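All residue numbers for the sequence shown refer to numbering that gives the first Met the number 0, where the first residue is 0 and numbers rise by one. Scroll down for the structure; my scribbles are underneath it.
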Amino acid sequence: MIPHLEPYKQRCTEELARCGAFPSGWLRLAFSIVPREVFTPDQVWWPEVGDDGLCPVLDLSEDPDAWARAVYDARHPLITQMDGSLTPASGPAAGRFSSSISAPAVVLGMLGHLALDGTHRVLEVGTGSGYNAALLCELVGSDLVDTVEIDGALAARARVALRAIGYHPQVHHDDGAHLPPQAGPYDRIIATASTTHVPYSWVERLDDGGAILVPRHTTTGPDGLLFLRDTRHGTVSGHFVDLVDFMPLRGQEPVTDAVAALRTSTWGEAKTTTIEADLDLSLDIGLGRDRDLGNDREHAGLFAVSMRRPDLRASRNDDGTWWLSSPDVSSWAAARQRADGTYRVKAYGPRDLVADLADAAAWWRGAGRPEVTRFGVTVDRCGETVWLDTPDNPVSAVTTLK
Ligand SMILES: C[S@@+](CC[C@H](N)C(=O)[O-])C[C@H]1O[C@@H](n2cnc3c(N)ncnc32)[C@H](O)[C@@H]1O
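As structure tokens, then:
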């Protein structure tokens, strides 16, 4: 039986208000009206793995209180599908997350950045549960909302949930990365899956003066949330406004599994050396609201490395070891700092990835350690250009081609 959810929702609302997730009364009202529970399946996974390495299941029939707390947890998404529905949500599981109902804090944060007015025609790419689409309907009216989902079962479920509470946006079952010529035009396109590049069909389907809000995949951690405005002549341009964490748009998945396989198969052939390198990237980012909302905090330097070197994947373990790889899956390196400050490096492949990281870190320090929101992107027919502060100041020599 569904527990009485009002107290859970009330606590969630208070927490969201405390961390500034309601920049307008409009958004607060929409959150209060839309019942999140309608969009949450009876069995969902909690997104964090337990000691057994599996994500636990929250089951409405077994533990209604835990399920209700999760539905109105401000900071955590709930996983509704793994491995493209190959893994049923009947018990604890490990797998690649392929759909979720995003955390309220993230959903509202994005809607806040979308700068909607009540007349905007909106497309959401990544319907998932339908929850965000319901909020959009509440904000601009069902007639102005289209939403597209690549997974047919998810699209059907979302359509039913939306209709059950009186919303009737167009729910399309399709690949949202390739919008047909008859779609739109839209004043706003919001993606709730991350992209390695912005599909140009989105730019073509924007109305004059429209805008795209999209999580852009980085090679170093969380996605940069990009707000791109139409600048006419088939070009959109804008700054990063936040950091978020989304699953990738299907068809744009990063190559992490292939890199792990390469590392395992070449471990014995890797060369070990000791080198001196300055990999200092210390400066906490200044996105205070991000911190309050409990998103992963990242370093501005890591984000900058990804902007400067989109051809370098880099992460750092809790023990301080850098793990580096090339997206073309030809090279990898692990670099661990020793007590004397030098690095012990184990590396395989043609590229000197530690040198690339050191080069990007030096560039960032030399540029005055700029924060995430000083970076931006311009998208035109030829591809994407990443810049610092203004479009005439490109950051990387690498242009991402579509
Ligand atoms: C994080 S979930 C979306 C959450 C959703 N907006 C909500 O409110 O619950 C991302 C969704 O994007 C969908 N998706 C991934 N690639 C897609 C594509 N190319 N076109 C349309 N939908 C896609 C996934 O199937 C998944 O359901």
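Where a beta carbon is used, it is the ideal one built from N, C-alpha and C, also for glycine. Quantities reported herein were computed from a predicted structural model and do not represent experimental measurements.
In the three-state reduction of the DSSP assignment, E36 falls in the helix class. At least one heavy atom of ligand 1 lies less than 7 Å from the C-beta of Y130. Non-local C-beta neighbours of V37 in its own chain, meaning closer than 7 Å and more than five positions away in sequence, comprise A160, A163 and I164, ordered along the chain. Contact annotation: the segment 210-219 does not touch the segment 85-95, with fewer than three C-beta pairs closer than 8 Å. Here DSSP, grouped into helix, strand and coil, assigns W45 to coil. For M81 and G365, the gap between their C-alpha atoms comes out near 43 Å. Here G175 carries a coil assignment [DSSP, helix/strand/coil].
For ligand 1, a non-hydrogen atom lies closer than 7 Å to the CB of A176. Counting only the Cα atoms, L53 lies some 27 Å from E148.
Taking 7 Å as the cut-off, the C-beta of R249 counts as close to a heavy atom of ligand 1.
The three-state reading of DSSP puts L26 in helix, counting H, G and I together.
About 18 Å separates the beta carbon of A210 from that of L248, a gap too long to meet the 8 Å contact definition.
In the three-state DSSP reduction, E14 falls in the helix class (H, G or I).
Between the segment 367-379 and the segment 319-337, the count of Cβ pairs shorter than 8 Å is below three; the stretches do not touch. Here DSSP, grouped into helix, strand and coil, assigns H232 to coil.
Residue ranges of uninterrupted beta strand (DSSP E) with 3 or more members, entirely inside the segment 67-136 and ordered along the chain, are 77-81, 96-100 and 121-124. Around the beta carbon of A257, fewer than 16 other beta carbons lie within 10 angstroms, which makes this residue exposed. Residue range A299 to R307 is occupied by the alpha helix (DSSP H) that includes F302. When secondary structure is reduced to three states using DSSP, R312 falls in the strand class. 8 Å or more divides the Cβ of P91 from the Cβ of P46.
Of the residues I78, L110 and V43, the one whose Cα lies closest to the Cα of G19 is L110.
Minimum Cα-Cα distance from I189 among the listed residues P168, D173 and L224 corresponds to L224.
Within the same chain, C11, E14, L15, P103 and A104 come within 6 Å of A73 by CB-CB distance, once the 5 residues on both sides are set aside. Excluding five sequence positions before and after P22, the CB atoms of its chain that fall closer than 7 Å to its own CB belong to G111, given in chain order.
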